[in-house]
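In our numbering, the protein residues as written are 14 to 1016.
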């Protein structure tokens, strides 16, 4: 049985007992325990059930690679499923429950699947659930949906809070073992800004457990001194409980900090997502021990040799009184020696190699431990815990040579460097035959924008598995990083690490090597998904020769551990089955995050009222104080209208339109997008981005432009102003500012990366106030400061100056058809300028107006609105904007798409004006009916209303719409359907209802 040892436990605080519950049963542990170590100390070997066959599952590992011990933690608003017991620090009051069983962990009805294993091999669902077809909807799909998943989803609102943290650093070191600490010392002494993150609560990695000595002293002493030296450096930051989740382009990395998981009552965020920009990144993430594939290697009590060593040394937990060690390498002998020194029995070390010589095997023999070479395990006896093993010849087919009683098995199949972070951003791997592992290829490291490597692995993560190599490799990585930064590497040599030499391992993908089918069907590769050696061999026989295909066919490596323990063994089995070398098969794709991160951490503060932050302009308070009603526009709230007294909103809009056309109106347009595009290639860049020519625009002038997607469809419009030879200011729609800025950056970074262009979103830097109407010029002249006459500031021009003592950039552009000035002032001056306009405007009959009056006036002028006249299927030519599509340019985004046959079809729906015969307002979105019915019995349609308003200027309803071949049908009357089944007749007219020649806006 597993139990707590009377002495030892370097991470334990035996003075602080802590109680917790597992499946409702009250248990105790100590401060410093993990949930896994505390469960083992209480003899809880059975911790879960596998996904497919519901087989009993116990602890296999001691870290993030653990595939079996997934539990639901907490209650109510703090319940979280699928948490690893091995990485969960114990705290008083912890509540945990096992998963994937019914009615109980000990008796699970789902275990019947194991009896059917022969008819439920890999890929059985691809062959089973397609016949008979009617059963899919009513039988197969409901069953699959009910069976899917491991944990239960939380039912209550998350009671914790989360946050994001942004940081810039010169060197990011991921991993706080001896290699990571030594790299940090080298980089820190050189003066670089260094951030070191370690996923566990402790520094030093495996070195203290494995008895490594550094500089003649125990590794633990060196680690404490190294951490103290780093903490004394102002340029070095150390963070524990922070996992390196992913490495991305341009030195971007994610860190996942579990801030209060170990102390949930602390008043701090539960998790913190670090968004890191680093000039150099050093993954010092260590290596993971591999299991061995023998029959019964999934029985609770069969564990990795290194994990058993961890539980004994770190937490004084014995997984069993009698432990058989099975290995193909020297490292596992450390576990046997550790167990013997702890007073536990090791009946035998089963070594698959023909010979076991060297310091570690000899030390084991000196302790009286029996060593059997050339042997393997034929079968593990036991169901819910190990009761014994049967030994066989490794070179044979599994004939039993001896049976031994035991209650634990420590297995070691060699070590695999943690190359995930190296691979996330394109780092390539080499196959190391001597150690049967993939390791980073330094000649093909991830490269940054300048083609220079920015990631360099260190220590065991780089394939340097021996302690001496690990420390030296960490030092070399730190020095290389600072040299890449242009700094001078510090002088002096790193301390020397000492550990016994080790003989080469023998690759063992199956034990014994000639095992028959009956044994192969009980050799487990992926513990969580129940993938066996026989499944990989079946995939090879059925033609799944690609490792990616075999992965999906068998689900190998698709569990929550993402194949950390299973992938290399799976590749070995597949290579033997196909007669190919492992490196020729390659690896599956490593994707972030390295281990799962919480949805709360991804969202950060974006929840509740902050899920979509409400953006407020600099004049927002004035609008609220003056009775504005608002409408959502993207993340902004813009004034819809300003009702007075008992006015309805419709009456307020009518008043605002009439006043603006007759006197002067004031509009807050601060939310319109303002994107600065600057650089020697700015003109060429905008020529490719917009449908019309922008490079020919003169400084001081403006031009209306259209932007299309790659499919040729109109996505945004706005006025572009040329500031100087290398600078343009691009205005976008309110809802499109962030999207268009991202669109620009995507093309600059992925397609036109060689262009010398920079962009900046200045939307919130300026307040933009529109002064509109016949008295607009008189109002600005009253404020004084700059010449806004027609001669000094012509239509579609702009000028810098001061108005009313406030610095301003004034644009002569109009979206209403009236004399109009758009005045941009620094955001901090926005309210002052608005109030100055309101005060001076009283003499001219000024009234503010909202977005609805704006929409009415633009519709009267036939101006389009993105999102109304466009829906993702409309091209500029549909809207009569052919004049804004250059025929001279060789290319622009969407040009080729607009030349496709269906884009030039004369039967396309075209923009027209619509006037109802009775003067009423057409329903927005109403369809124009046509003769006949379609195959579904529905009325055929020939157009739709895109915008419809009552026009105070014309005293009647007006509308814009898209109608089939509409431009050639002027004067024709067509019918539009209403929701109550009626019809409204409307005449097709010119889309410009007001001042067709534009005389009023150019006065």
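Glycine residues also receive a C-beta, built at the ideal position from the N, C-alpha and C atoms.
Put simply, the segment 349 to 366 touches the segment 517 to 528. At least three CB pairs are less than 8 Å apart. Residue 405 carries a strand assignment under DSSP once its states are collapsed to helix, strand and coil.
C-alpha of residue 621 to C-alpha of residue 106: approximately 29 Å in a straight line.
DSSP places residue 766 outside both helix and strand once states are collapsed to three, so it counts as coil.
A Cβ-Cβ separation of about 10 Å leaves residue 186 out of contact with residue 199 under the 8 Å criterion.
In this chain, the alpha helix (DSSP H) harbouring residue 675 covers 662 to 675.
Residue environment for residue 342: buried (at least 16 other C-beta atoms within 10 angstroms of its C-beta). Apart from the 5 residues on each side of it in sequence, residue 905 sits with its Cβ closer than 8 Å to the Cβ of 700, 701, 702, 703, 704, 721, 899 in its chain, given in chain order. Contact annotation: residue 510 and residue 481 have beta-carbon atoms nearer than 8 Å. The beta-carbon distance between residue 65 and residue 308, rounded to whole angstroms, is 18 Å. This is too long to meet the 8 Å contact definition.
Segment contact: the segment 287 to 301 against the segment 373 to 381, fewer than three CB-CB distances shorter than 8 Å; contact not assigned. From the listed residues 728, 214, 783, the smallest Cα separation to residue 881 is found for 728. For residue 41, the uninterrupted beta strand (DSSP E) run begins and ends at 38 to 44, by DSSP.
Scanning 770, 777, 56, 113 for the CA closest to the CA of residue 744 turns up 777. Distance from the CA atom of residue 927 to the CA atom of residue 981, rounded to whole angstroms, is 14 Å. Around the C-beta of residue 306, 16 or more other C-beta atoms lie within 10 Å, and the residue is accordingly described as buried. For residue 495, the enclosing alpha helix (DSSP H) begins and ends at 480 to 497.
When secondary structure is reduced to three states using DSSP, residue 752 falls in the helix class. Within the segment 43 to 72, the runs of alpha helix (DSSP H) that reach at least 4 residues and sit entirely inside it are, in chain order, 48 to 54. Rounded to the nearest whole angstrom, the CA to CA distance from residue 340 to residue 169 is 47 Å. A straight-line Cα-Cα distance of about 28 Å links residue 941 and residue 644. Sixteen is the threshold: since fewer than 16 other Cβ atoms of the shown chains lie within 10 Å of the Cβ of residue 711, the residue is exposed. Secondary structure of residue 581 (DSSP, three-state): helix. Here residue 952 is exposed. Its C-beta has fewer than 16 other C-beta atoms within 10 Å. The three-state secondary structure of residue 310, taken from DSSP, is coil. Residue pairing by DSSP puts residue 774 in a beta bridge opposite 688.
Membership of residue 533 in the alpha helix (DSSP H) is indicated by the continuous run 530 to 533. Annotation: residue 100 to residue 77 spans about 6 Å, alpha carbon to alpha carbon. Across the structure, residue 944 and residue 646 are spaced so that their CA atoms are roughly 38 Å apart. With fewer than three CB-CB distances shorter than 8 Å, the segment 215 to 223 does not count as touching the segment 486 to 504. Beta-bridge partners of residue 984 (DSSP): none assigned. Under the three-state reduction of DSSP, residue 337 is assigned to strand. 175 is the residue among 138, 33, 110, 175 whose C-alpha sits nearest the C-alpha of residue 612.
One alpha carbon belongs to residue 933, the other to residue 846, and they sit about 40 Å apart.
For the pair residue 433 and residue 603, the CB atoms are nearer than the 8 Å cut-off. Counting only runs of at least 3 residues, the segment 685 to 730 fully encloses the following beta strand (DSSP E) elements, listed from N- to C-terminal order: 686 to 691, 715 to 721.
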